[in-house]
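Participant: My questions will all concern the structure given below.
In UniProt numbering, the protein residues as written are 1 to 728.
Printed below as a string of structure tokens:
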């Protein structure tokens, strides 16, 4: 069937030629087969006759040897067959059928003699002709003879015959091919050319082509009609091509532009989606993705009421110090390595979980801040899973990390929050983990703490505090109170320390110790500190101008403010804006702050000194200052911490430390301010030790600006201490 389809699809010229050649080839092949069969029969008859003659002759000669049991003579007779090249062996058997004598042409490879056939006569076997016949002597059978002949001669003749026949067949086909070509060209040529032209026109759409004119027969008429059809199609196509040319060009251009735009848009969307959900440095999930994923996890419709999950909040201890030491580039490499280790710990934890393979998990590792990471562990069986992962992370991060050819050792504080039935807010879960992390930090580096109800309540209060702090600016709830700094020599007011207070609704005046740390963590401390400076400078400038005084104001600066690169510009702008001379402002920094990064602190202090403001070291004696560093800092004042002053007049606590601090300050060319003065005995003692200034409840509580303004308005001398003491 397939062959019929293939022949049907052939061109007509090939069909005609195939018919002529096929017929000739079939006739010649049948003739060749007939002659071959005839030659084989002739060879068989001839070979049998020859072997019968040889067998009769050899048998007659060997009959006497069989009769007298002379095998040697018999073998000599058999060897006479060596003259016949086609004889491969001859075998003489006695009357019992036992081998009596033999001849083998290939004696070195001769095998066992063949068994005497049961039936006498000639037969073919294994490409050999075997002839067996009896041997008679005087009419009495004395044995049998078997002659084996190869068919090599027949094969040689057959090959010669086939070669000649094939040559004749090839010549015949060639002649037939040439004759059929002439016949096909005359009959099928015009039709084939017309069919080829049709195909060419269909493929190329070139209607200007024309078929070669033929005779006046039917084929010629067909060609003429076809040419007329092409002419009409060419005219119509030309008009249509002109009309559609411009349109096709525009469509193609617009299609290509749209395809390119679609590809670029998809690539951009994929990139934006990845960047929106992943941290650009570590390529782990970012805060946005983590919160979205956690929100879906805590949603009631996605929980079955039994499955638990946990959030681990990881903070790298002392990372800022490490980052400042090794540099920000190496710090970035450190963060990337930490992220890799966290991913490894999370994956290893699931690999060790025997039940993890039987359930889906949606664990997420994310970076939500500079050195802050979170892990969502979902699901968990018990809190032991959380403890195990936290211990694994602490152990893994404690291993040395090599960055910038330096070995860095880091530790991490971890807080975790385990889901509860009532939890349906991602922010609350994250905040609980954050609260537990800070509790872990208080216990020391490399610790883990799970949030409990007490910590949760503390976190709720903390969130309320943060919420109120955010609105405090807008609602103008912050106040500044001023505590006088008194000159012990003249008993007059030397200046004031600006103290921030928060007038919190429903609570009242709140001291900074209750909210400053939260403000620092929220990032409010810098704008809040700038507001305090601006208000204090403006207030002192007003008092000095209005009452002709020379008050100085001391303003505390937090660690984050001190590290702010814009601190110097901010102070300069405030002084210019409020028109306060720099010498009337003193910047107070803590002793611990100066030692965190002594080299940078020295640079900043010197630049502040260039502006012209005073510099004071607050709470001196409570830190661990190096005297060599202190000697290099351009400080003007040391403020002795109240913890030393409170015991200065106690018999059990000698005043040697206070005296030592005062002596040290004088030797360094600084003035001394004693804080926390509450008794006259303390005043007398520090005055006797040479301290220049003091402040404390003995002189005055921190006062509102309005109270001080009223007092200064009523006093004869604005600097008189009695005027301010009268306000208490």
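Note that CB positions come from ideal geometry on N, CA and C, so glycine has one too.
Locate the beta strand (DSSP E) running through residue 673, then write down its first and last residues.
Facilitator: Where residue 673 is concerned, the enclosing beta strand (DSSP E) stretches over 671 to 674.
Participant: Do you know offhand how far residue 25's Cα is from residue 161's?
Facilitator: Roughly 18 angstroms between the two C-alpha positions.
Participant: Pair every Cβ in the segment 59 to 68 with every Cβ in the segment 135 to 151, then say whether three or more of these pairs are closer than 8 angstroms.
Facilitator: Yes, the segment 59 to 68 is in contact with the segment 135 to 151.
Participant: Just to confirm, is the Cβ distance from residue 376 to residue 294 under 8 angstroms?
Facilitator: In contact: residue 376 and residue 294 (Cβ atoms closer than 8 angstroms).
Participant: Quick check: the segment 488 to 503 against the segment 693 to 703, are there 3 or more CB pairs under 8 angstroms?
Facilitator: Segments in contact, yes.
Participant: Just the C-alpha distance for residue 227 and residue 16, rounded to the nearest angstrom, thanks.
Facilitator: Whole-angstrom Cα-Cα distance: 26 angstroms.
Participant: With distances taken Cα to Cα, identify the nearest neighbour of residue 43 among 20, 124, 71.
Facilitator: Residue 124 is the option with its Cα nearest to residue 43.
Participant: Where in the segment 668 to 713 do unbroken runs of the alpha helix (DSSP H), each at least 4 residues long, occur, reported from the N-terminal end onward?
Facilitator: Qualifying alpha helix (DSSP H) stretches, in chain order: 680 to 688.
Participant: For the putative contact between residue 500 and residue 416, defined by C-beta atoms under 8 angstroms, what is the C-beta separation to the nearest angstrom?
Facilitator: Actually they do not touch by this definition, with Cβ atoms about 35 angstroms apart.
Participant: Going by alpha carbons, who is nearest to residue 578 out of 36, 559, 541, 451?
Facilitator: When only C-alpha atoms are compared, the closest one is 541.
Participant: Considering only the beta carbon of each residue, do residue 729 and residue 591 sit closer than 8 angstroms?
Facilitator: In the structure displayed, the chain extends from 1 to 728; residue 729 sits before or after that span and is not available.
Participant: For a quick check, are the C-beta atoms of residue 790 and residue 66 less than 8 angstroms apart?
Facilitator: In the structure displayed, the chain extends from 1 to 728; residue 790 sits before or after that span and is not available.
Participant: Looking at the structure shown, is residue 639 part of a helix, part of a strand, or coil, going by DSSP?
Facilitator: Note: residue 639 maps to strand in three-state DSSP.
Participant: Give the DSSP-derived three-state secondary structure of residue 796 in the structure shown.
Facilitator: Look at the range of the chain in this structure, 1 to 728, and you will see that residue 796 is not part of it.
Participant: From the DSSP output, read off the bridge partner residues of residue 517.
Facilitator: Note: residue 517 sits in no beta bridge, so no partner.
Participant: Restricting to runs no shorter than 4 residues, where is the alpha helix (DSSP H) found entirely within the segment 470 to 531?
Facilitator: Those alpha helix (DSSP H) runs which fall completely within the segment 470 to 531 and span 4+ residues are 516 to 522.
Participant: Hey, quick one: how far does the beta strand (DSSP E) through residue 556 stretch, first residue to last?
Facilitator: From DSSP, the beta strand (DSSP E) with residue 556 extends over 552 to 556.
Participant: For the segment 397 to 404 against the segment 334 to 348, do three or more pairs of beta-carbon atoms, one drawn from each stretch, fall closer than 8 angstroms, so that the two count as touching?
Facilitator: Yes, they touch.
Participant: Let me know if residue 700 comes out buried or exposed under the rule of 16 or more other beta-carbons within 10 Å of its beta-carbon.
Facilitator: Its Cβ being crowded by 16 or more others within 10 Å, residue 700 is buried.
Participant: With distances taken between CB atoms, is the gap from residue 393 to residue 310 smaller than 8 angstroms?
Facilitator: Cβ atoms of residue 393 and residue 310: not closer than 8 angstroms.
Participant: Determine the contact status of residue 100 and residue 74, defining contact as a CB-CB distance below 8 angstroms.
Facilitator: Yes.
Participant: Can you list, in chain order, the residues of its chain with a C-beta nearer than 6 angstroms to that of residue 449? Leave out the 5 residues immediately preceding and following it.
Facilitator: If we look at residue 449 and ignore the five residues flanking it on each side, its Cβ neighbours are 415, 436, 439, 440.
Participant: State the beta-bridge partners of residue 278 as determined by DSSP.
Facilitator: 285.
Participant: Helix, strand or coil: which one does DSSP assign to residue 378?
Facilitator: Reduced to three states, the DSSP call for residue 378 is strand.
Participant: According to DSSP, is residue 592 part of a helix, a strand, or is it coil?
Facilitator: Three-state result, residue 592: helix.
Participant: Would you grab the beta carbon distance between residue 586 and residue 553 for me? Rounded to a whole angstrom, and I think it's under 8 angstroms.
Facilitator: Contact holds; Cβ gap of about 7 angstroms.
Participant: Can you check DSSP and say which residues form a bridge with residue 104?
Facilitator: DSSP lists 89 as partners of residue 104.
Participant: Spatial neighbours of residue 70 within its chain, please: CB distance less than 8 angstroms, with the 5 preceding and 5 following residues excluded, ordered by chain position.
Facilitator: Answer for residue 70: 64, listed in chain order.
Participant: Could you tell me which residues DSSP pairs with residue 308 in its beta bridges?
Facilitator: Residue 308 is bridged to 380.
Participant: Could you tell me whether the segment 508 to 525 touches the segment 705 to 713, where touching means 3 or more Cβ pairs closer than 8 angstroms?
Facilitator: The segment 508 to 525 is not in contact with the segment 705 to 713.
Participant: I'd like to confirm the pairing. Which residues does DSSP put opposite residue 586 in its beta bridges?
Facilitator: DSSP lists 554, 614 as partners of residue 586.
Participant: Could you tell me which of 324, 237, 57, 116 sits nearest to residue 600, measuring between CA atoms?
Facilitator: Comparing Cα-Cα distances from residue 600 to each of 324, 237, 57, 116, the minimum goes to 324.
Participant: Using DSSP with H/G/I as helix, E/B as strand and the rest coil, what is residue 411?
Facilitator: Coil.
Participant: Could you check the C-alpha separation between residue 609 and residue 615 for me, to the nearest Å?
Facilitator: Between residue 609 and residue 615, the C-alpha separation is close to 7 angstroms.
Participant: The alpha helix (DSSP H) that contains residue 319, what's its start and end?
Facilitator: Counting along the chain, the alpha helix (DSSP H) containing residue 319 begins and ends at 319 to 326.
Participant: Here's the rule: buried if 16 or more other CB atoms are within 10 angstroms of the residue's CB, otherwise exposed. What is residue 533?
Facilitator: Residue 533 is buried by the Cβ-count criterion.
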